[in-house]
Each structure stands twice: as structure tokens, then as C-alpha cells.
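Encoded as C-alpha cells, the structure appears first; notes follow it.
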């Protein structure tokens, strides 16, 4: 697979920068030797405002400086791990791709793959990197486009995929956001659907079948609650040779305007 890699890849490939995408306190307790910390809330998201969702993208220059502080340059090769759920790691994978890095991978099964001798609590101090972030806006979809899509009577060449659980998509429950339901005309592919309980990936045929409905469209936009777990679905779609766009603000941004149609 081109985006998801096993522990053997990390152990044998030279010149990899390893990034821990778990919570900062978990990283400080112990982590893969030589890895650097980027926390979802502290580093991968900016301040929450009226619009933009629960995890808006951070200021680009602030994020660029953080990446430089852990030694990243434009040609860096990066492996990311989290606790194995492929959520915060997927978000960072998408962000690094969005800002121009080419070789970015996520470690399957995450932190649980490391042996005790591969862990320590020392925070490395690298030489400052020289990465320059250049956003690729073709990888995103704005609120206005999503709103227009939600009001269509028929779907023409475009589909929006909701990556939340089916229960949230159907409006049965909503544990996080202030409104429940879904954006009209969306289809549901839960971002955990293609993973086994041990966080390994199911076979490619299962993944292909899971995205069959989305694959029928030329333009596929993914969203979730706040633009985090949808990135894992984008990774999976990319494994099938297809590109997807991200509605960064996702459902938490969509409902912030209070004039949007919602289906339950």
C-alpha cells in the first residue's frame, strides 16, 4: 500500500522523520525513539471561531514554523503514528500532503507496534528545517459549495461522503455537535469500516466494495464532524487510485450558519 505502512517499513527505510500524532502528554510519557510530537488540538488546528468548525486549519506560517522546528524540509519523508485508530494520524497525513510534501505515510496499528526497547521519553532536538508550505486548494471544498450541493434535487457528477458513524449520519445520536442529522444528499462511509478490531486494514477487495458508490462519481468530497477522521477515508480512497477533496470545517462548520438544510 502506498499510504499505510507496517512496522517493517519504519524499521528498514532510511532517512524517515517519525511524527507522534497522539496527545502531547502521551508523547512526553514515552514515544518511539527520535520521534517528534504534533498534537491534534495544539498543533494541527487553529482557534475555534464562529465558523470553520471544531478543528479549523492553523495559521499557515505558525504551522510552517512548527514543522521547521522538528526538522522538516521540502524533501522530507515522513511516517506518522497515533494510537492506532488512524484519526489524528490521518489528519496530519492530509495536512502534509495539502501543503506539498510528497512522501507521507501512516503506520498501521500505530503505537502498539513498538517494542519497549524502541521507546523512550527523550525529546530530540533536530537542526531547523527549511520547509515552505504551499496550500493546494484543489484538495478542499468550501462551505458554499457544500450548501449548494445540499439543495440539489439530483446528483450530477459529484457526491459528498459523510465519514461519521451511521448512527450520527442518520441523526439517531450526536455526542459532540449541538445539532444532529446530516447534510442532505450525502452518503455514509464510516471511516473505521475498512479496519479490523486490531487496527489492521481489511483486504483491498473489501475497501473497493466499501467505496463503490462513491467511486461512481467524478468529484468526491469527504467530511466528518470536524475535518479529522474524513482524512482517513481520503487516504483509503487514494489507495484505490482516486483523489478526494476535504470539506475542512465539516458538519461542525455546516451547522454554524443556522440556515442550512439538515436531514434526520
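In UniProt numbering, the protein residues as written are 1 to 264.
For every residue, glycine included, the Cβ atom is placed at its ideal position computed from N, Cα and C.
Keep in mind it's a predicted model, so treat the numbers as computed, not measured.
- Scanning 31, 106, 197 and 249 for the CA closest to the CA of residue 117 turns up 31.
- Taking the C-beta atoms as reference points, residue 106 is found no nearer than 8 Å to residue 196.
- Note on geometry: alpha-carbon atoms of residue 119 and residue 111 lie some 10 Å from one another.
- For residue 68, the three-state secondary structure derived from DSSP is helix.
- Where residue 234 is concerned, the enclosing alpha helix (DSSP H) starts and stops at 230-239.
- Boundaries of the beta strand (DSSP E) around residue 19: 16-20.
- Of all alpha-carbon atoms in 154, 208 and 171, the one lying nearest the alpha-carbon of residue 185 is that of 154.
- According to the DSSP assignment, residue 158 belongs to the beta strand (DSSP E) that extends over 158-162.
- Residue 144 and residue 257 have their C-alpha atoms roughly 11 Å apart.
- Of all alpha-carbon atoms in 187, 183, 188 and 206, the one lying nearest the alpha-carbon of residue 194 is that of 206.
- Apart from sequence neighbours up to five positions away, the residues of its chain that approach residue 147 with a beta-carbon distance below 7 Å are 260, ordered along the chain.
- Between residue 44 and residue 56, the C-beta gap is not smaller than 8 Å, which leaves the two residues out of contact.
- Spanning the alpha carbons of residue 157 and residue 26 requires a straight line of approximately 43 Å.
- Burial check for residue 216: the Cβ neighbour count within 10 Å stays below 16, so the residue is exposed.
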